[in-house]
Structures are given as structure tokens and as C-alpha cells.
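Chains as they are written, first to last, in the numbering used here: chain A, 204 to 462; chain F, 2 to 75.
The beta carbon of each residue, even a glycine, is placed where N, CA and C say it ideally should be.
Working notes, beginning with the structure itself.
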Amino acid sequence: MSTTDTAAATAENAAEAAAGHGEKIIDPIHQFVITKYIDLGALSFTNSALWAVIAVVLATLLFVLAPKNLVPTRLQSIAESLYEVVDNMTHEILHENARTYFPFVLTLFLFILFANVIGLIPYSFTVTSHIIVTLALALVVFIGATVIGFIRNGFGYLKLFVPSGVPVLLLPLVVLIEIVSYFIRPLSLSIRLFANMMAGHMMLKVMAGFVIMLGYFGFVPLIAMVGLTGLELLVAALQAYVFALLTCMYLSDAMHVDH
Amino acid sequence: MELEAAKMIGAGIAAVALGGAGIGIGHIFGNYLAGALRNPSAAAGQRGTLFLGFAFAEATGLIGFAVAMLILFG
Numbered sequence: 204m205s206t207t208d209t210a211a212a213t214a215e216n217a218a219e220a221a222a223g224h225g226e227k228i229i230d231p232i233h234q235f236v237i238t239k240y241i242d243l244g245a246l247s248f249t250n251s252a253l254w255a256v257i258a259v260v261l262a263t264l265l266f267v268l269a270p271k272n273l274v275p276t277r278l279q280s281i282a283e284s285l286y287e288v289v290d291n292m293t294h295e296i297l298h299e300n301a302r303t304y305f306p307f308v309l310t311l312f313l314f315i316l317f318a319n320v321i322g323l324i325p326y327s328f329t330v331t332s333h334i335i336v337t338l339a340l341a342l343v344v345f346i347g348a349t350v351i352g353f354i355r356n357g358f359g360y361l362k363l364f365v366p367s368g369v370p371v372l373l374l375p376l377v378v379l380i381e382i383v384s385y386f387i388r389p390l391s392l393s394i395r396l397f398a399n400m401m402a403g404h405m406m407l408k409v410m411a412g413f414v415i416m417l418g419y420f421g422f423v424p425l426i427a428m429v430g431l432t433g434l435e436l437l438v439a440a441l442q443a444y445v446f447a448l449l450t451c452m453y454l455s456d457a458m459h460v461d462h
Numbered sequence: 002m003e004l005e006a007a008k009m010i011g012a013g014i015a016a017v018a019l020g021g022a023g024i025g026i027g028h029i030f031g032n033y034l035a036g037a038l039r040n041p042s043a044a045a046g047q048r049g050t051l052f053l054g055f056a057f058a059e060a061t062g063l064i065g066f067a068v069a070m071l072i073l074f075g
């Protein structure tokens, strides 16, 4: 905690010092600074926690407030199409176990989707742009899938590391690669989400800096920013989809070791 | 100051990894489109695989991005 505190403090000091000198500086990192609203030591309520709560509340409200008509209203069709995306995904990948894991995958998908999309609103905070948040989510999936795999298959789950039909001479190498690729899963899952969110937001802020720097010609990057914001919306939805899809894949590995 | 310069150069080199991710993503979507135009009826069923391939291709490049960020701000 202390390192993040000092990092936040130095970033704020730098921004204030620059503002005091009347310089126009571009600080694309400033949007990721964590500030404490209620200081409780390690359990402080930060802006990250606040926006995570907002994402959860909005996702819940969408499904609570959506009417249950036969002919869907606009709000209802948003909720229904989100539900349908996850429903199709779980059925395609998990087959007969789809019902069991559907609630988990839907919750994960909605949380990441709402956190990503809300983060695009100016002056808001993107919860998923911090690796600690995405790593926690990825570790839940990774440890959960591993435990489920061992419960379902016993020690037969270790067959996952020994693919069938590999020549004996190559087997040690293949097993080594399989083990490494298994343990790199939580890292690649979390880095993908966090890096996409962070890179996108930094790019938007750098472009916004160009609008000010170019003066009267600032409308050129401004037009580009409209397109980039659309692209970021796509990336926000796509990364939530990919996270949910890979969660399904890992759970499917835990169910069916044989292939 | 020389350490700062070396850091900047290092971060720039690490960001080159994103070029590979760009090539990979382009390949995946291009090949998907080529296949989808030949057999449009089979295209919808492979969309999950498409995004899975996209995710894998992107992840390797983004590790380069994460390294660049670590060098600059870590």
C-alpha cells in the first residue's frame, strides 16, 4: 500500500507543480492514480472501489429494471442480448455443464463489460486498467478451474499435461511446454485485459493532449478521437467477451481432460 | 540522464512486439473473412474460435507492451 501511496503522491505533486508553472503538460498516466475516499489502511475505500461498486450496481439494475414483456422494450433487449451472448458461449463450449457454470460466467462477463464501458466516460475511473484487479479475477478463474479439475477427475487431471499421440522421445519437452503454458494462463488472461484498457485510455488522453497543443488545427485529432472512442467501445466489449470465452475454455479443460 | 535515455530506447524497442501482434491479428481476421466469403453458412459457428485466436495472438504482443510500461514507470 505504501508504494502506491507514494506513487500517487508524487504523481499529484508533479501535476500540481506543472499546473503552478502554467505549463500545458500532457499527463496520460494521471487518470490511473488511486485516491482514497475513506482511509481504513489496507481496506481503504478508493476511487477504484467506488467505480467497481458503480459497475456492479448498474449491471444489477439493468437486469432488475428490465421489464419482462413478450415484445421486448429497448432496455429489455439490451439485457436479453447480453444474456444470450453468454448463454450461447457456455452451451457451445461447456455442453452439458453449461447450466452449472452459466451464472459465474455471466457475472464475470457483466462486471468486466460494465467496468470497461463505464471507464470510457470522461473523469471516471477504469477499474480494469489496474493489473491487480484483473489478476485477482484471473486467479479466481485459474484456481477455481484447477480445483474443479482435480475434484472431477482426481489425479487423472494431470493427463492434461500429457497429450496423447506424441512420440516418446518428444514427450518430456511437450509435457514441459504444456505445464508452462498452463501456469501462464492467469498471467496472459490478466495482462490482456489490463493492457488493452490501459493502452486504449492512454492513447485517448495523448490524442486529447494533441487537440490542445495544435491550437486552431486541433480539430484534426478531435475528429480522430471520435473514431478512436468508437474503437475503444468495441475493444471494451470484445475484451469482456474474450475473458468470458477463455474462462469457459479453462472450465471445459477441467471437465473433459481426454482431448 | 543517460539512464533515462536508455530507458526510453528500451521501452521503444519493447513496443516493437506490438507489430507482431498486429500482423497476427490481421492474419486471423483476414483468413476468417476469406473463409467466411467462401462458405458463409459455416462462418457464424467459427466466431468463437476467431476471437479465441485473436486473444492468443494479441496476448503475446501485449506482454511486450507491459514490459515497455514497466521500463518507463516501474
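Chain order gives the chain A residues near Ala56 (chain F) as Arg395, Val445, Leu448 and Leu449, where near means a beta carbon separation below 8 Å. Here the alpha carbons of Asn356 (chain A) and Leu407 (chain A) stand approximately 47 Å from one another.
Between Leu51 (chain F) and Ala12 (chain F), the CB-CB gap reaches or exceeds 9 Å.
Between the alpha carbons of Ala15 (chain F) and Arg302 (chain A) lies a distance of about 43 Å. Proximity to Val288 (chain A) across A:His459, A:Val445, A:Ile324 and A:Ser455 peaks at A:Val445, based on C-alpha coordinates. Around the beta-carbon of Tyr304 (chain A), 16 or more other beta-carbon atoms lie within 10 Å, marking it buried. With at least 16 other beta carbons inside 10 angstroms of its own, Thr450 (chain A) counts as buried. The bridge partners DSSP lists for Ile241 (chain A) are A:Phe248.
Per DSSP, the unbroken alpha helix (DSSP H) holding Ala7 (chain F) starts and ends at Glu3 to Ala16.
Annotated three-state conformation of His233 (chain A) is helix, per DSSP. If you draw a straight line from the Cα of Ser251 (chain A) to the Cα of Ser332 (chain A), it comes to about 10 Å. Against chain F, the beta carbon of Ser391 (chain A) has neighbours under 9 Å at Ala56, Phe57, Ala60, Thr61, Leu63 and Ile64, listed in chain order. Nearest Cα to Gly23 (chain F) within the set F:Ala58, F:Tyr33, F:Asn32 and F:Leu71: F:Ala58. Taking C-beta separations shorter than 6 Å and ignoring five residues to either side along the sequence, Leu243 (chain A) has no partners in its chain. Taking Leu342 (chain A) as the centre and dropping the five residues before and after it, the same chain places the C-beta of Pro389 closer than 7 Å to its C-beta, in chain order.
Counting C-beta atoms within 10 angstroms of its own C-beta, Gly62 (chain F) has 16 or more neighbours from the protein chains shown and is therefore classed as buried. Here Ala69 (chain F) carries a helix assignment [DSSP, helix/strand/coil].
Residues of the region 278 to 296 of chain A with a C-beta atom less than 8 Å from some C-beta of chain F are Met292, Glu295 and Ile296, listed in chain order. Given a length threshold of 4 residues, each whole run of the alpha helix (DSSP H) inside the region 365 to 448 of chain A is given here in chain order: 374 to 386 and 388 to 416. Taking 9 Å as the CB threshold, Leu441 (chain A) lines the interface with chain F. Sequence-distant partners of Glu381 (chain A) (beyond 5 residues in either direction) whose C-beta falls short of 8 Å from its own C-beta, in its chain, are Leu363, Phe364, Val365 and Pro366.
Counting along the chain, Leu338 (chain A) sits inside the alpha helix (DSSP H) bounded by residues Ile334 to Asn356.
Residue environment for Thr238 (chain A): exposed (fewer than 16 other C-beta atoms within 10 angstroms of its C-beta). The beta carbon of Ala43 (chain F) does not come within 9 Å of any beta carbon belonging to chain A, so the residue lies off that interface. If you draw a straight line from the Cα of Ala18 (chain F) to the Cα of Val68 (chain F), it is about 10 Å long.
For Gly25 (chain F), the secondary structure class from DSSP, reduced to helix, strand or coil, is helix. By the neighbour-count criterion, in which a residue is buried when 16 or more other Cβ atoms sit within 10 angstroms of its Cβ, His28 (chain F) is exposed. Rounded to whole angstroms, Gln279 (chain A) and Val267 (chain A) show a C-alpha spacing of 10 Å. For Phe55 (chain F) and Ala262 (chain A), the gap between their C-alpha atoms comes out near 27 Å.
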